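Visitor: Chains as they are written, first to last, in the UniProt record's numbering: chain A, 1 to 918; chain B, 1 to 143. Cβ atoms here follow ideal geometry from the backbone N, Cα and C, with glycine treated the same way. The structure displayed is predicted, hence computed values, not measured ones.
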Amino acid sequence: MGSQGGFGQSKEFLDLVKSIGEARSKSEEDRIVLHEIEMLKRRINEPDIPKRKMKEYIIRLVYIEMLGHDASFGYIHAVKMTHDDSLLLKRTGYLAVTLFLNEDHDLIILIVNTIQKDLKSDNYLVVCAALNAVCKLINEETIPAVIQQVVELLGHPKEGVRKKAVMALHSFYQRSPSSVNHLVSHFRKKLCDNDPGVMGATLCPLYDLITIDVNLYKDLVVSFVNILKQVAERRLPKSYDYHQTPAPFIQIKLLKILAILGSGDKKSSEQMYTVIGDIMRKSDTTSNIGNAILYECICCISSIQPSPKLLETAADSIAKFLKSDSHNLKYMGIDALGRLIRISPDIAEPHQLAVIDCLEDPDDTLKRKTFELLYKMTKSSNVEVIVDRMIDYMISINDSHYKTETASRCVELAEQFAPSNHWFIQTMNKVFQHAGDLVNPKVAHNLMRLIAEGFGEDDESADSQLRSSAVESYLKIVDEPKLPSAFLQVICWVLGEYGTADGKYSASYISGKLCDVAEAHSSDDIVKAYAVTALMKVYCFEKAAGRKFNLLPECQSLLEELFASHSSDLQQRAYEFQAILDLDSNSIDNIMPLDASCEDIEIDKNLSFLDSYVHKSLEEGAEPYIPESQRSGTLTVTNHTNQTYDTSAHSLRFEAYEVPKPVVPIRTPPITDLVPVSVSLPEPSYHQPVQVQPTRSPDPSSTELRLRLDGVQKKWGKPTYSSSATSSSTSTFDSNGVTVNIPKQHDNVVPKSRESRHVEVSEEKQKLAASLFGGSTSRSEKKQPSKARPTTTTTTMAAAAVVAQPPPDLLDLGEASGGGGGGGYSSVVDPFQQLEGLLDVSSSSTTSTNGHNQNLNLLLSEKDDFTPVNGSPNPTTKTPTLTKGPSLKDALDKDALVRQMGVNPTSQNPNLFSDLLS
Amino acid sequence: MGIRFILMVNKQGQTRLAQYYEYLTLEERRALEGEIIRKCLARNEQQCSFVEHRNYKIVYRRYASLFFLVGVDNEENELAILEFIHLLVETMDRHFGNVCELDIMFHLEKAHFMLEEMVMNGCIVETSKTNILAPIQLMDKAS
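1) Got a sec? Which residues, its chain only, sit under 8 Å from B:E90 by beta carbon, not counting five neighbours each side?
2) Here's the rule I'm using: 16 or more other beta-carbon atoms within 10 Å means buried, otherwise exposed. How should A:H445 be labelled?
3) Let me check understanding here. Comparing Cα to Cα, which of A:A315, A:Y331, A:T92, A:N181 lies closest to A:R52?
4) So what does DSSP say about A:C300, is it helix, strand or coil?
5) Determine, using beta-carbon pairs with one atom in the stretch 325–333 of chain A and one in the stretch 107–121 of chain B, whether at least three such pairs fall under 8 Å.
6) Nearest-angstrom Cα distance between A:G277 and A:K218?
7) With distances taken from CA atoms, which of A:V221, A:E296, A:S171 is nearest residue 951 of chain A?
8) Under a CB-based cut-off of 8 Å, is B:L133 close to chain A?
9) Is the beta carbon of A:G436 closer than 8 Å to that of A:A486?
10) Using C-beta distances below 6 Å, list every residue in its chain close to A:I588, excluding the 5 sequence neighbours before and after it, in chain order.
11) Is the shortest distance between the beta-carbon of B:M120 and the beta-carbons of chain A less than 8 Å?
12) Spell out the partners DSSP gives A:Y242 in its beta bridges.
13) Just checking: is the beta-carbon of residue 147 of chain B within a distance shorter than 8 Å of some beta-carbon in chain A?
14) Just list the residues that DSSP pairs B:L17 with in beta bridges.
15) With 8 Å as the C-beta to C-beta threshold (strictly closer), list the residues of the stretch 59–79 of chain A near chain B in chain order.
16) In angstroms, rounded to a whole number, what distance separates the CA positions of A:V62 and A:K18?
17) Please report whether the beta-carbon of A:D864 lies at a distance below 8 Å from any beta-carbon of chain B.
18) For A:P350, count neighbouring Cβ atoms within 10 angstroms of its own Cβ and tell me buried if that reaches 16, exposed if not.
19) Taking all protein chains shown into account, decide if A:H422 is buried (16 or more other Cβ within 10 angstroms of its Cβ) or exposed.
20) Quick one: which residues of the stretch 32–50 of chain B get their C-beta closer than 7 Å to a C-beta of chain D? List them in chain order.
21) Measure the Cβ-Cβ separation of A:F577 and A:L552 and say whether it is below 8 Å.
22) According to DSSP, B:I58 sits in a beta bridge with which residue or residues?
23) Can you name the start and end residues of the alpha helix (DSSP H) that A:V214 belongs to?
24) Judging by CA-CA distance, which residue of A:L137, A:T114, A:K163 is the nearest neighbour of B:C123?
25) Answer yes or no: does any C-beta atom of chain A fall closer than 8 Å to that of B:I3?
26) Compare the C-beta of B:R30 with all C-beta atoms of chain A and state if any pair is closer than 8 Å.
27) Please name the residue, chosen from A:E152, A:L88, A:I76, A:S121, that lies closest to A:I108 on a Cα-to-Cα basis.
28) Between the stretch 279–313 of chain A and chain B, which residues of the former have CB atoms less than 7 Å from a CB of the latter, in chain order?
29) Report yes or no: is there a C-beta of chain B within less than 8 Å of the C-beta of A:K26?
30) What is the residue span of the alpha helix (DSSP H) that A:P593 lies within?
31) Chain A partners of B:K11, CB-CB under 8 Å?
32) So is A:P873 in contact with chain B if we call contact Cβ pairs under 8 Å?
33) So, for A:K256: in the same chain, excluding its five sequence neighbours on each side, which residues have a beta-carbon less than 8 Å away from its beta-carbon?
34) Starting from the beta carbon of A:T92, find every residue of chain B whose beta carbon is closer than 7 Å, and list them in chain order.
35) Alpha carbon to alpha carbon, what distance is there between A:H186 and A:H401?
36) From the DSSP output, in three-state form, read off B:H66 for me.
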């Protein structure tokens, strides 16, 4: 601290810094700063402040802003200081301005002139100061004011100036690539600058340029490789060394560039192999910086065209990282593993335990990184374990950013790899329950669609079992407080559609639950809407089935409440329900056919069923339809309201909002062909649109009947009157409601998952023996503890087993594990059991282990055998080979065990696994 | 752009130096600094020197009571950034001699000047201590 006061700082300044330094709390600091602001506001505007004093004031302003307070009152003084002749003051002024102002601030215009002047200065330090400011303050509009000077400075005799000029151009490129398009050749030239500092700086813009378009720079591969070689051979000045490593930051930047250039380019990649190999051999694995270079080499190797030799070296380095005690290195190792695994999927095998260690680590950063790795290596064989883990993690964290990310990853993996629909639903339940408000609403629709469509394998009974198990699980969950809205919507829809389908629950029970939902979430209109529609469906299904079913009192009161709802959508639904109550079972069956959500609904947008009526009207002298474009807008409003009235009046009517009540009764009876006409009859001039429409399909099916309202509304209502409450409410009813929405949006997700499952299973049969978790680490580790242990040594052992075992065994193994992987299958057979398992994992797992005492013993003995291997922190690839001989028998035993384990559905007990580790 | 900001914050959560390479408002900065330092303080010596925060990765290193925090984007080599922090500290150490929190506080502008030499547009441009310190020494002499 000898330099304290070295610039002749005043006592005042020293005191200020001291008091800030000694402030014990944020509020004390704030008090000091506020006092400082008051004082500076008074003093800084005094005339004739000595320059040194002013510089001090400026620094104090910097302090004020740094500590989170507004110092804009003094900005202008910082701007003025940039005019000063003294280099120190000028640079301080520039510094303050770059800290205070963003590039679009009004004051910048006052500085551009100064910058222009300073760029011409004889003092290269002044030029450097100005170039610093250029990088931060010159925006797209002011680039032309200085660009010419900056380009000239690229040839400045001082290397410091050339370097900063390169970076100034780089900042122009960042702000407006087109402004420097014609100058790109300068970057190429500067790469060959005599000064290593200039060359190193030039790598920054080149990296950006190459990222945008690799092909333009393929010719530079040789240059980059040469430079890298020279750097690694210590040709740069000693002052660039960092901890005995030659210019590591330049090496890293070069490796990043090579990674891009070599990606998918065999010829370029081959030019790099030697130098990368050399660097990896030379780098110092005991220092952080050496490992940083190693890591960058691995990234490069994983990006360029693979070289078997380099891949091997990379794998060795990763092994060292993972074995290290340093969390930082483990983190880098996990990341590197995730990169390399895309090229050589087997690479994770020797590191299973290390990966699991990282997953179990209390360090959140490491854990998250490991989840990223697992996410990358998920396949259908390990999806269950991984997603379960991810969900547990998701539940445990509060940060909504990562919760959202994890939730969407769970959804993505589940959709992609789900072994069974049942599992998928259970998984989605968990995701929804804990992060429902964070996931994309589309996910909810996918889930509903999946439940509605089932397996799509024409296995009706499996589908209905799936549905009843979904219903069952929802009934258990539905009473829980604080369920996310999206999830409640799914629940309501499923309960409405399938709640009574299997006859297990009475309609009144389901209705009661639905009423509870509507009541408990009275502030959520969408949930209420779903609930009402679901209630209506339950009622309709009962009635259509010919059962006597009286509306529950709470349901009735709910309806009455909704008649007066502020939401016109809710009101509409309530009135429709009310109307349906009066109908006979035959028409109800037509309105609400059972389980028709998957049926395609033909929408006759042209309202062709009205044709005969229109003709008739025209013959009777009605006026033809005038297209919207040809009439004045005001007219239309009235018509719309009229439409629902069956008055014969051709006159305009102005009563709004009387629409819903009469609508349904009138419309629903029209099951006979004549009715459609009668419905629309009331409309005078407006049903004529029908005529104008070109296409007509003559047979309105029953489904169409249900939708007719929709068609009419859209056609007439929407264009002319889209803001009207009635039209919008009806259309939402149709889309939200029962049937329409879901079947409409056919996504590929479900079929895809099914396909992938098929493919994976067959692949598994071949692969599984050879690599039990081949790259799928966590799965076997956690899920089947007995398998987990062996894994360190497994792969080779398992391979041995394959050789020893005749093919049938192989198949058995495959099937067994397939069954284990698809716990859903067995559970589909007995959904209740599955549910129990879900809700009480530990109990199910204990039973399963109890059931196999023998295996337990085996497990223990295996444990004894293998702990030494586990205990040594470095299960390298060599260890397996060492244990290879004796383990053949183990492999067979394990084989048997696996088969037995496979029979039992999901018995994953994380604790079991952690026991193994200890 | 690799580096988004460089912060020095002491363990009471008081900012000692802040340099941003993208524009954030005063309020955003204040909130960000508070959140980050809280996260870092909650971690122990054995844990990674890296923390994810929103869209940033924070690489941090603690020297006595002072945290050096660098916010980077996803492509950055964390280990290299960790060493970059050390290079910065070594550079300051060479200039100040046994650098401490108060040196930075009393010579805030110099600490900034060093950073200006080392990092531009969020990229590391100079890593030779001699080159970094040369202009600062010249200025010292001139004044």
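Guide: Here's the rundown:
1) K129
2) With 16 or more other Cβ atoms from the protein chains shown falling within 10 Å of its own Cβ, A:H445 counts as buried.
3) A:T92
4) helix
5) no
6) 21 Å
7) This structure cannot settle anything about residue 951 of chain A, because the visible part of chain A is limited to 1 through 918.
8) no
9) yes
10) C540, K543, A544
11) Chain A has a Cβ within less than 8 Å of the Cβ of B:M120.
12) Beta-bridge pairing links A:Y242 to A:T245.
13) Absent from the structure is residue 147 of chain B, since the part of chain B shown begins at 1 and ends at 143.
14) In the DSSP assignment, B:L17 forms a beta bridge with B:M8.
15) Sequence-ordered contacts of the stretch 59–79 of chain A with chain B read I59, V62, Y63, E65, M66, L67, G68, H69, D70 [C-beta pairs closer than 8 Å].
16) 16 Å
17) Unreliable positioning characterises A:D864 in this predicted model, as indicated by a pLDDT of 40, which lies under 50. The coordinate reading is nonetheless provided below. It does not: the Cβ of A:D864 has no partner Cβ on chain B nearer than 8 Å.
18) buried
19) Counting Cβ neighbours within 10 Å, A:H422 comes out buried, since at least 16 surround it.
20) Absent from the structure: chain D. Protein chains present are A and B.
21) Cβ atoms of A:F577 and A:L552: not closer than 8 Å.
22) B:V51, B:G71
23) Element bounds for A:V214: n/a, residue is neither H nor E.
24) From the listed residues A:L137, A:T114, A:K163, the smallest Cα separation to B:C123 is found for A:K163.
25) no
26) yes
27) When only C-alpha atoms are compared, the closest one is A:I76.
28) Answer in chain order: N288, I289, N291, A292, Y295, E296.
29) Under the Cβ distance rule, A:K26 counts among the residues neighbouring chain B, one pair being separated by less than 8 Å.
30) Per DSSP, A:P593 lies in no alpha helix (DSSP H) segment and is marked neither H nor E.
31) Near B:K11 there are no residues of chain A at all, since even the closest Cβ is about 12 Å away, more than 8 Å.
32) Low per-residue confidence applies at A:P873: pLDDT is 40, beneath 50, and the placement is therefore not dependable enough to give any value.
33) Only residues of its own chain outside the window of five on either side were considered, and among them Y207, E296, C299, C300 have a CB closer than 8 Å to the CB of A:K256, listed in chain order.
34) E109
35) 42 Å
36) Checking the sequence, you will find Leu at residue 66 of chain B rather than His. B:L66: strand per DSSP, three-state reduction.
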